[in-house]
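Asks:
Numbering (this note's numbering), first residue to last: 66 to 481.
1) May I have a chain-ordered list of the beta strand (DSSP E) segments no shorter than 3 residues that lie completely inside the region 230-317?
2) Taking contact to mean 3 or more Cβ pairs, one atom from each stretch, closer than 8 Å, check whether the region 384-392 and the region 366-373 are in contact.
3) How about residue 276 and residue 302: do their beta carbons lie closer than 9 Å?
4) Which value, in whole angstroms, describes the spacing of the CA atoms of residue 37 and residue 319?
5) Let's see if you can read the secondary structure: which residues bound the alpha helix (DSSP H) around residue 122?
6) So, is residue 439 buried or exposed, given that buried needs 16 or more other C-beta atoms within 10 angstroms?
7) Hey, could you find the ends of the alpha helix (DSSP H) residue 411 is sitting in?
8) Just reading off the beta strand (DSSP E) that residue 332 is part of, what are its end residues?
9) Among the residues of its own chain, which have a CB less than 7 Å from the CB of residue 378, if the five just before and after it don't count?
10) Can you list, in chain order, the stretches of the beta strand (DSSP E) that have 3 or more residues and sit fully within the region 433-460?
11) Taking the alpha-carbon positions, what's the residue 462 to residue 267 distance?
12) Residue 112 to residue 105, Cα distance in whole Å?
13) So the beta strand (DSSP E) residue 168 belongs to, where does it begin and stop?
14) For residue 158, write down the residues that DSSP places opposite it in a beta bridge.
15) CB-CB under 7 Å to residue 103, same chain, minus the five flanking residues each way: which ones, in chain order?
16) Using a Cβ-based criterion (distance less than 8 Å to any ligand heavy atom), does residue 223 qualify as near the ligand ATP?
17) Identify whether residue 97 lies in helix, strand or coil by the three-state DSSP scheme.
18) Would you decide whether residue 473 is buried or exposed? Buried here means 16 or more other CB atoms lie within 10 Å of its CB.
19) May I have the straight-line CA-CA distance separating residue 482 from residue 269, to the nearest angstrom?
20) Are there 16 or more other CB atoms within 10 angstroms of the CB of residue 253, so buried, or fewer, so exposed?
21) Identify which residue in 280, 209, 261, 257 has its Cα closest to the Cα of residue 237.
22) Figure out for me which residue from 127, 157, 149, 126 has the closest Cα to the Cα of residue 94.
23) Taking only three categories from DSSP, how would you classify residue 206?
24) From the DSSP output, which residues share a beta bridge with residue 402?
25) Determine the closest residue to residue 476 out of 404, 431, 300, with distance taken between C-alpha atoms.
26) Between residue 39 and residue 229, how many whole angstroms is the CB-CB distance? I'm expecting something under 8 Å.
27) Within the continuous beta strand (DSSP E) that includes residue 147, where are the two ends?
28) Residue 356 bridges to which residues according to DSSP?
29) Looking only at its chain, what residues have a beta carbon closer than 7 Å to the beta carbon of residue 284, apart from the 5 residues adjacent to it on each side?
30) So, at 7 Å on beta carbons, what are the nonlocal neighbours of residue 75 in its own chain, with the 5 sequence-adjacent residues on each side left out?
31) Buried or exposed for residue 326, please, with buried defined as at least 16 other CB atoms from any protein chain shown within 10 angstroms of its CB.
32) From which residue to which residue does the beta strand (DSSP E) around residue 105 run?
33) Taking residue 455 as the reference, which of 387, 226, 329, 89 has the closest Cα?
34) Judging by CA-CA distance, which residue of 243, 376, 127, 116 is the nearest neighbour of residue 261?
35) By Cβ distance below 6 Å, which residues in the same chain neighbour residue 383 in space, the five residues on each side in sequence not counted?
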């Protein structure tokens with residue numbers, strides 16, 4: 066964990082502390098000091114944290130018991146190993162986890178997509194909830210999961226929430242470790258609102274996934290999030306049903322200190338055909354990634370069946386600042402981006418990455434922005450402000466930002 070602490074100190078010095086006016090309290094109001102009761106999962110609920118038996122029923126009972134109290138409660142989870150699956154966190158309950166804890170996924174009986182912990186569900190809106198480390202970071206180990214279609218945390222029907230101190234030991238699982246999605250609820254649809262996700266990291270992530278993917282959210286703040294592989298903060302609204310219904314999307318999203326190494330990108334903005342809101346990110350850094358930031362134009366996929374659909378966008382007030390990109394030669398790059406490479410960089414492309422869909426290849430450019438173009442919203446184009454880019458090691462790629470017209474760089478007379 067010293068590596069994480071040292072990185073954060075260096076990164077914060079690089080960024081400065083006063084670039085965004087937003088404060089954590091604007092997004093999450095902590096109620097942990099107002100709870101009615103505090104319990105210990107091992108002492109009070111007789112959980113054996115030394116075996117490999119499923120602990121889900123006992124943890125869920127503790128959550129249900131405390132949520133029924135007037136002001137809820139705290140569940141302290143002491144050092145040890147715990148096996149869980151399909152836990153639903155309910156209102157006014159806080160999980161406080163020791164840094165010596167390792168969470169393992171109990172595989173479902175059938176081979177299906179599954180979630181270790183959900184914030185609320187389609188029957189309960191979880192308000193004033195948190196999962197946090199007591200100090201340092203606790204671990205969710207997905208590397209040994211037999212079923213790779215797993216998420217650690219899904220936030221859907223929740224309000225006023227905190228996720229802090231999660232380290233994910235991944236091995237190319239399918240899904241981002243933390244997801245934010247819409248939920249059906251009382252004949253309507255809801256989404257996560259007013260939340261903070263901070264001081265979290267993932268290691269050995271799949272190109273197409275990563276630490277966090279937000280499909281639907283409102284007023285969310287991310288800070289000090291770190292990824293090895295994949296995309297650390299993926300603001301991609303790609304769910305087919307959500308796009309057909311024209312619900313969800315990300316609105317009022319703020320982030321500070323987003324880092325990725327050996328991956329796809331630190332930040333990805335891809336609206337598909339959802340009209341998203343404002344995004345503001347200060348401090349984005351990559352080392353040895355395909356890109357530091359990927360910005361995509363909106364489009365309507367052929368499989369969409371909704372009526373009167375339009376290409377998606379993010380608000381034209383959106384902005385990214387303080388971006389640092391360091392070139393590497395063993396990033397995760399998909400073949401669709403080879404056309405943006407210089408000829409010299411193309412010669413350095415190797416075989417497939419362990420995820421099976423990306424290639425081991427050089428960093429392409431600091432930023433790719435295909436949302437800039439002629440035709441306006443009807444063609445999926447939208448504006449975003451980008452300022453203060455610094456780069457290191459890009460000997461062949463001279464452009465800091467690539468656009469659609471830069472495809473075919475290797476065919477350019479000036480790029481042999």
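By construction, the Cβ of each residue, glycine as well, lies at the ideal position given by its N, Cα and C atoms.
Replies: Working from what's here:
1) 231-234, 243-245, 248-250, 253-255, 258-268, 275-279, 281-293, 296-301
2) No: fewer than three Cβ pairs fall under 8 Å.
3) no
4) Within the shown structure, residues of the chain are numbered from 66 to 481, placing residue 37 beyond reach of any answer.
5) 121-132
6) Residue environment for residue 439: exposed (fewer than 16 other C-beta atoms within 10 angstroms of its C-beta).
7) 408-411
8) 330-335
9) 336, 340, 341, 363, 442, 447
10) Runs of the beta strand (DSSP E) inside the region 433-460: 450-457.
11) 29 Å
12) 9 Å
13) 166-170
14) 138
15) Within the same chain, residue 103 has close Cβ partners 138, 139, 141.
16) Of ligands this structure carries none, so the ligand ATP is not represented either.
17) helix
18) exposed
19) The question about residue 482 has no answer, for the chain in this structure spans 66 to 481.
20) exposed
21) The residue with the shortest Cα to Cα distance from residue 237 is 209.
22) 157
23) strand
24) Under DSSP, residue 402 shares a beta bridge with no residue.
25) 404
26) Shown here, the chain extends from 66 to 481; a query on residue 39 therefore has no answer.
27) 145-149
28) None; residue 356 has no bridge partner.
29) 92, 258, 259, 317
30) Confidence is the limiting factor: at residue 75 the pLDDT is only 46, short of 50, which leaves the residue's position unreliable and the question unanswerable from this model.
31) With 16 or more other Cβ atoms within 10 Å, it is buried.
32) 102-105
33) The candidate whose alpha carbon is nearest that of residue 455 is 387.
34) 243
35) Within the same chain, and ignoring the five residues on either side of residue 383 in sequence, the residues whose Cβ sits closer than 6 Å to its Cβ are 343, 344, 449.
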